[in-house]
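Structure first, then comments.
Numbering (this note's numbering), first residue to last: 3 to 359.
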């Protein structure tokens, strides 16, 4: 019998990731990077006083700024978990160093700046993945399946609520959160607008109103918008970071253990054959033909609960290794930002803002 030589499996080196920004979301990314065998948290970059200690706790190298990091070593990918005003300049540096990037939402402070970054990345073939991580949640994929398979017929109406109360500490820890452009329209609605467009199609016009922060900040603390979708559906969305309520993605999805989960919903999507709510995925339809005099039946749909941030990071690895195209590309992040910008403009002018293709 011939002697069989055992061939040792080839060990694939982990992807080296630099994390820029060690704040709330940055620390969550760091824990995921540390836990995944396919990634290595090579460096943490942040000028804040406690950032060096954070880097040490993750056994990562520390840099005060991204320029120093790129001058010292090469990374396979970079996560920009920094304040929005820094995204474009830091993204340009990533392109300069041919480094694929995951940029937290929103991609930029303005659609014009976002488009400049996106076009440069496309020109140099450096992928941008925008951190709308909720898209990686299996419940959202199940909701999308409901719509694409025609379970509710033609989507006709959407209602979304995004209400919560941010404590004063949230703003005091990062003073940029008090400034104009850093209110809940920009910071929080970006996720919701991305999801609504993913589920229901592109938004083609908005009309909005907003109220000045009662805490004395430069930004708004409550706003609402009327949305028209390209398929003819009409939606409403309301947001506030100064309202006590159980109705927001953070409070209802159970996605982030930092928030105490409620049993409420945050989105309602209605169609010509049925309707459903998110995140409980309770589907409603009439027993036979749609008729408000006939009984309504409800069905709670199942899905596999998985950590969307971990799913996003695994996808980022695939993008870096050229095994996948970005699920939420820089151009898609730009499209979402255009809607956010239109809501802000409409809230100031009270005019209907149309979004041309």
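Ideal Cβ placement from N, Cα and C applies to all residues, glycine included. Just so you know, these numbers come straight off a predicted model, no measurement behind them.
Beta-bridge analysis with DSSP links residue 284 to 302. Counting along the chain, residue 188 sits inside no beta strand (DSSP E); it lies in the alpha helix (DSSP H) bounded by residues 186-189. For the 8 angstroms CB-CB criterion, residue 130 and residue 277 do not form a contact. Collapsing the DSSP output to three states places residue 269 in a strand. Cβ neighbours of residue 251 within its own chain (closer than 6 angstroms, five residues either side excluded): 268. Within the same chain, 238 and 270 come within 6 angstroms of residue 161 by CB-CB distance, once the 5 residues on both sides are set aside. In this model, residue 82 and residue 299 are separated by some 46 angstroms (Cα to Cα). Residue 182 and residue 14 have their C-alpha atoms spaced approximately 46 angstroms apart. In the three-state DSSP reduction, residue 196 falls in the helix class (H, G or I).
Burial check for residue 166: the Cβ neighbour count within 10 Å reaches 16 or more, so the residue is buried. Straight-line spacing of the CA atoms in residue 191 and residue 55 works out to 32 angstroms. Around the beta carbon of residue 172, a 10 Å sphere encloses fewer than 16 other beta carbons of the protein chains shown; the residue is thus reported as exposed. Per the coordinates, the alpha-carbon of residue 46 lies some 9 angstroms from the alpha-carbon of residue 32. In this model, residue 156 and residue 224 are separated by some 31 angstroms (Cα to Cα).
DSSP places residue 110 in the coil class of the three-state scheme, outside both helix and strand. If you look at residue 65, you'll find it isn't in any alpha helix (DSSP H); it sits in the beta strand (DSSP E) that goes 63-65. Counting along the chain, the unbroken beta strand (DSSP E) around residue 18 starts and ends at 17-22. Sorting 335, 226 and 328 by C-alpha distance to the C-alpha of residue 346 places 226 at the top.
A contact is defined here as three or more CB-CB pairs under 8 angstroms, and the region 54-73 fails this definition with respect to the region 105-122.
Less than 8 angstroms separates the beta-carbon of residue 116 from that of residue 335. Residue 318 counts as buried, since no fewer than 16 other beta carbons sit within 10 angstroms of its beta carbon.
Note on residue 28: 16 or more other CB atoms within 10 angstroms of its CB, so buried under the neighbour-count rule. Classified as exposed, residue 76 has fewer than 16 neighbouring CB atoms from the shown chains inside 10 Å of its CB. Taking C-alpha positions only, residue 71 is separated from residue 65 by approximately 6 angstroms. When rounded, the separation of the alpha-carbon atoms in residue 122 and residue 313 is 27 angstroms.
Taking a contact as a CB-CB distance under 8 angstroms, the pair residue 307 and residue 211 does not count as one, their CB atoms being some 36 angstroms apart.
Looking at the DSSP output, residue 230 shares a beta bridge with 207 and 236. Between residue 132 and residue 322, the C-beta spacing is not below 8 angstroms.
DSSP places residue 348 in the helix class (H, G or I) of the three-state scheme. Secondary structure note for residue 41: its beta strand (DSSP E) is the uninterrupted segment 41-47. Residue 173 carries a helical assignment under DSSP once its states are collapsed to helix, strand and coil. Cα atoms of residue 186 and residue 339: separation of roughly 13 angstroms, rounded to the nearest angstrom.
Annotated three-state conformation of residue 261 is coil, per DSSP. Just so you know, the alpha carbons of residue 207 and residue 257 end up roughly 30 angstroms apart.
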